[in-house]
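Student: Structure incoming, see below.
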Amino acid sequence: AQTVTQSQPEMSVQEAETVTLSCTYDTSENNYYLFWYKQPPSRQMILVIRQEAYKQQNATENRFSVNFQKAAKSFSLKISDSQLGDTAMYFCAFMGFTSGTYKYIFGTGTRLKVLA
Amino acid sequence: DTAVSQTPKYLVTQMGNDKSIKCEQNLGHDTMYWYKQDSKKFLKIMFSYNNKELIINETVPNRFSPKSPDKAHLNLHINSLELGDSAVYFCASSQGGGSGNTIYFGEGSWLTVV
Chain A
2 AQTVTQSQPE MSVQEAETVT LSCTYDTSEN NYYLFWYKQP PSRQMILVIR
52 QEAYKQQNAT ENRFSVNFQK AAKSFSLKIS DSQLGDTAMY FCAFMGFTSG
102 TYKYIFGTGT RLKVLA
Chain B
105 DTAVSQTPKY LVTQMGNDKS IKCEQNLGHD TMYWYKQDSK KFLKIMFSYN
155 NKELIINETV PNRFSPKSPD KAHLNLHINS LELGDSAVYF CASSQGGGSG
205 NTIYFGEGSW LTVV
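Those protein sequences? They're chains A and B, same order as listed. When we follow our numbering, the leftmost residue of the first sequence carries the number 2, and every step to the right adds one. When we follow our numbering, the leftmost residue of the second sequence carries the number 105, and every step to the right adds one.
Below, the structure is given as structure tokens:
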């Protein structure tokens, strides 16, 4: 069965610094998708970035980038120039084919606090 | 315009009551979901509908019954509410259930059972 593990329950970073959130997953599939979602205090889940497993190039979205290591099944999120508005829960998610259908599986989240 | 909207946002109710949460999406998506986020922030899928047909039904008590009158709506009805049902319930939608399509979430409905 697919699993997603986020080993850092909480992290903090100074404003303008860079922080990396880790995520590992387990799957026997070759084609799948990986996502990072952000959940600010408002509770809304917002897509930050996505990565297709068949693409070797790491995805980037402005200050957000990923380090996708397919062989190691690792998908970390790097936030550069951290801003106060980045304070949120961050969820890593895997989307693949499991039990006969496509499913999203979420990690347990990392609470990130950006300090002024 | 809110892409995925759900009501109510907050709901406090007594044990044993029956309640419903409504969800609507205006993105033209054909797949809708209900997720439950517990107090530890763990997000778990409950149901998924594709074009009004149930395609995912996780191990959820029978007290939870989803209803999809059309592909833009997916409501969640809960009978005989229990304390353990207290959670945030997220509705979501995507175009297709697979192929890596991004899921768009509603703002969540915070259910508290007392």
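Note that CB positions come from ideal geometry on N, CA and C, so glycine has one too.
DSSP state of B:Asp142, grouped into three classes?
Tutor: coil
Student: Could you check whether the Cβ of A:Thr28 sits closer than 8 Å to any Cβ belonging to chain B?
Tutor: no
Student: Taking only beta-carbon atoms, is B:Ile160 less than 8 Å away from chain A?
Tutor: B:Ile160 counts as touching chain A.
Student: By Cβ distance, which residues of its chain are closer than 8 Å to B:Thr206, with the 5 residues on each side in sequence left out?
Tutor: Ser198
Student: When the cut-off is 8 Å and only beta carbons count, does A:Leu78 lie next to chain B?
Tutor: no
Student: Between A:Gln7, A:Val5, A:Gln15, which has its C-alpha nearest A:Thr88's C-alpha?
Tutor: A:Gln15
Student: Can you round the beta-carbon distance between B:Gln110 and B:Ser190 to whole angstroms, since I take them to be within the 8 Å contact cut?
Tutor: Not quite, the Cβ-Cβ distance comes to about 17 Å (not below 8 Å), so this is no contact.
Student: Counting only Cβ pairs nearer than 7 Å, list the residues of chain A close to B:Ile149.
Tutor: Lys104, Tyr105
Student: In angstroms with no decimal places, state the Cα-to-Cα distance between B:His133 and B:Gly200.
Tutor: 7 Å
Student: Would DSSP call A:Gly97 helix, strand or coil?
Tutor: strand
Student: Rounded to the nearest angstrom, what separates A:Phe36 and B:Glu186 at their Cα positions?
Tutor: 33 Å
Student: Specify the secondary structure class of B:Leu158 as computed by DSSP and reduced to three states.
Tutor: strand
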